[in-house]
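**Student:** One structure is given below, represented as structure tokens, and several questions about it will come after.
6 protein chains.
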Amino acid sequence: MKYGARNTIKAKVKSVHKGDIMTLVKFDAISAPEMASVLTTESVEGMELKPGDSVQLVIKAIHVLPVKE
Amino acid sequence: MKYGARNTIKAKVKSVHKGDIMTLVKFDAISAPEMASVLTTESVEGMELKPGDSVQLVIKAIHVLPVKE
Amino acid sequence: MKYGARNTIKAKVKSVHKGDIMTLVKFDAISAPEMASVLTTESVEGMELKPGDSVQLVIKAIHVLPVKE
Amino acid sequence: MKYGARNTIKAKVKSVHKGDIMTLVKFDAISAPEMASVLTTESVEGMELKPGDSVQLVIKAIHVLPVKE
Amino acid sequence: MKYGARNTIKAKVKSVHKGDIMTLVKFDAISAPEMASVLTTESVEGMELKPGDSVQLVIKAIHVLPVKE
Amino acid sequence: MKYGARNTIKAKVKSVHKGDIMTLVKFDAISAPEMASVLTTESVEGMELKPGDSVQLVIKAIHVLPVKE
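Just so you know, the protein sequences line up as chains A, B, C, D, E and F, in that order.
Per the working numbering, the first sequence starts with residue 1, numbered consecutively.
Per the working numbering, the second sequence starts with residue 101, numbered consecutively.
Per the working numbering, the third sequence starts with residue 201, numbered consecutively.
Per the working numbering, the fourth sequence starts with residue 301, numbered consecutively.
Per the working numbering, the fifth sequence starts with residue 401, numbered consecutively.
Per the working numbering, the sixth sequence starts with residue 501, numbered consecutively.
Spelled out as structure tokens, the structure:
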């Protein structure tokens with residue numbers, strides 16, 4: 001299986017909270033992942049982002065796609 | 101700082117690959133994060149997702165927002 | 201009407217399942233569409249994607265925007 | 301393989317246009333797919349969307365994830 | 401024209417910066433828009449978001465779809 | 501605080517409509533914002549987008565991230 005995405009995090013399902021239309025699922029990642037972000041070069045320059053910087057990576061839950069093999 | 105997003109991963113910048121319009125940034129997460137996903141209840145039922153299941157969480161790099169405090 | 205998006209699929213509404221906040225709508229596409237994807241060049245090379253390859257195009261329902269003219 | 305997404309379209313790669321950071325890939329869908337969209341109930345009511353309506357489904361190329369099995 | 405989206409901002413194009421694959425376009429909004437966000441109820445409660453609060457609405461440029469009528 | 505995103509709109513919360521899993525929040529922007537969009541160069545050329553053009557910027561509510569400082 002090869003995905004056209006830079007981030008694939010191995011995880012275990014911790015809880016499933018079902019609603020009528022949408023469901024919220026929580027996971028524990030199995031290890032600290034390598035992550036990748038694509039942003040505009042303007043944003044990178046505005047942030048003065050460089051190797052060694054500490055950041056928070058913010059990801060809305062709606063953008064996380066679980067796949068079960 | 102409070103974000104309207106379920107996933108915030110502490111990370112360090114590893115590399116910055118600048119292009120004309122878009123830039124690809126790589127990070128190392130500092131620890132194994134808790135993650136959350138919102139998907140349709142239909143998808144959860146189609147996958148038979150339940151606590152304990154092993155999954156891959158796939159996230160396109162474009163959906164990862166770095167924030168520097 | 202001109203959209204700043206590469207994918208526009210003609211479709212007919214098949215069902216509407218309303219929830220309090222979010223609603224799930226199903227459609228039948230009228231014909232087999234041409235589709236486009238933008239991904240990192242790294243991902244394309246990791247997948248060794250080339251003309252003629254068979255793939256699945258996975259799209260979360262939340263990223264599909266219906267427009268009624 | 302089970303995906304936490306309502307839309308999976310079988311397709312063949314038609315062309316690959318590589319850039320430095322991002323790449324644009326074109327596909328031909330193999331058949332007319334069933335599609336699903338999640339939107340706010342307010343939007344559905346504002347559009348008066350109902351079974352039988354003709355619509356355009358607009359999807360930015362960045363939201364299309366190719367998977368090669 | 402009816403869009404399945406809660407946010408439609410009238411704007412004028414200010415600049416177009418073309419790259420090989422991706423292009424960055426800047427706009428001036430014509431007036432202060434009403435905006436809507438959908439997030440998990442958990443996030444809203446974690447932020448203690450209530451009427452009158454001042455916030456920043458952060459939107460990646462990739463999620464903004466221009467339409468020309 | 502520096503965000504890896506081109507759009508940050510100052511706004512005040514107007515209403516909060518809570519559901520079980522997802523919540524819809526409405527805001528009033530404090531002033532007319534400058535906005536940015538990234539799209540494929542092909543789309544820009546297909547739309548013949550140029551400075552001075554009037555457009556609608558369409559953004560699904562799910563892509564709007566509120567941050568409270």
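Yeah, the Cβ is synthetic: ideal placement off N, Cα and C, and Gly gets one too.
Fair warning: this is a prediction, and the values are worked out from it, not measured in the lab.
1. The beta strand (DSSP E) with A:E45 in it runs from where to where?
2. How big is the Cα-Cα spacing for D:D320 and C:T241?
3. Is the Cβ-Cβ distance between E:I489 and F:L557 less than 8 Å?
4. Measure from the alpha carbon of B:K112 to the alpha carbon of each residue in A:P66, A:K60 and A:G52, then state which is nearest.
5. Among the residues of its own chain, which have a CB less than 6 Å from the CB of A:L24, if the five just before and after it don't count?
6. Nearest to B:V164 by CA position, among B:V144, B:V155 and B:A129, is which residue?
7. Helix, strand or coil, according to DSSP, for C:A236 in the structure here?
8. Could you work out which residue in F:R506, F:K502, F:K514 and F:V544 is closest to C:Y203 when comparing CA atoms only?
9. Decide if F:M535 is buried, meaning its Cβ has at least 16 other Cβ atoms within 10 Å, or exposed.
10. Does DSSP classify D:A311 as helix, strand or coil?
11. Smallest Cα separation from C:K268: which of D:I359, D:V367, D:M347 and D:E369?
12. Span of the beta strand (DSSP E) holding B:I128?
13. Take the Cβ of B:S154 as the centre, count every other Cβ of all protein chains shown within 10 Å, and call the residue buried at 16 or more, exposed below.
14. In terms of alpha-carbon separation, which member of C:K214, C:S237 and C:S215 lies closest to C:R206?
15. Taking buried to mean at least 16 other C-beta atoms within 10 Å of its own C-beta, is D:K301 buried or exposed?
**Tutor:** In brief:
1. For the purposes of this step, residue 45 of chain A is identified with residue 45 of the first sequence, where counting begins at 1. That residue, A:E45, is in no beta strand (DSSP E); its alpha helix (DSSP H) goes T41 to M47.
2. If you number the fourth sequence from 1, residue 320 of chain D lands on position 20. If you number the third sequence from 1, residue 241 of chain C lands on position 41. Roughly 7 Å between the two C-alpha positions.
3. What the structure shows of chain E is the stretch from 401 to 469, and residue 489 of chain E is not part of that stretch, so it cannot be assessed.
4. What you label residue 112 of chain B is simply residue 12 of the second sequence in a count that begins at 1. If we check each option's Cα against that of B:K112, A:G52 comes out closest.
5. As a position in the first sequence, residue 24 of chain A is number 24, starting the count at 1. Cβ within range, chain order: H17.
6. Within the second sequence, residue 164 of chain B is the residue found at index 64, counting from 1. For B:V164, the nearest C-alpha among the options comes from B:A129.
7. Locating residue 236 of chain C in the third sequence gives position 36, counting from the first residue. The answer is strand: DSSP assigns C:A236 an E or B state.
8. Stepping through the third sequence from its first residue, residue 203 of chain C is reached at position 3. The shortest Cα separation from C:Y203 among F:R506, F:K502, F:K514 and F:V544 belongs to F:V544.
9. Along the sixth sequence, read from residue 1 onward, the residue named residue 535 of chain F stands at position 35. Buried, by the Cβ-count rule.
10. The sequence position of residue 311 of chain D within the fourth sequence is 11, counting from 1. Three-state result, D:A311: strand.
11. Counting from 1 along the third sequence, the entry for residue 268 of chain C is found at position 68. Answer by Cα proximity: D:M347.
12. Reading the second sequence from its first residue, position 28 is the one you call residue 128 of chain B. The displayed chain sequence assigns Asp, not Ile, to residue 128 of chain B. Taken as a continuous stretch (DSSP letters only), the beta strand (DSSP E) holding B:D128 covers M122 to A129.
13. Taking the second sequence and counting its residues from 1, the one referred to as residue 154 of chain B is at position 54. It is exposed - the Cβ of B:S154 has fewer than 16 other Cβ atoms within 10 Å.
14. Position 6 of the third sequence, counted from the start, is the residue given in the question as residue 206 of chain C. Comparing Cα-Cα distances from C:R206 to each of C:K214, C:S237 and C:S215, the minimum goes to C:S237.
15. Position 1 of the fourth sequence, counting from 1, holds the residue named residue 301 of chain D. The sequence shown places Met at residue 301 of chain D, rather than the Lys named in the question. It is exposed - the Cβ of D:M301 has fewer than 16 other Cβ atoms within 10 Å.
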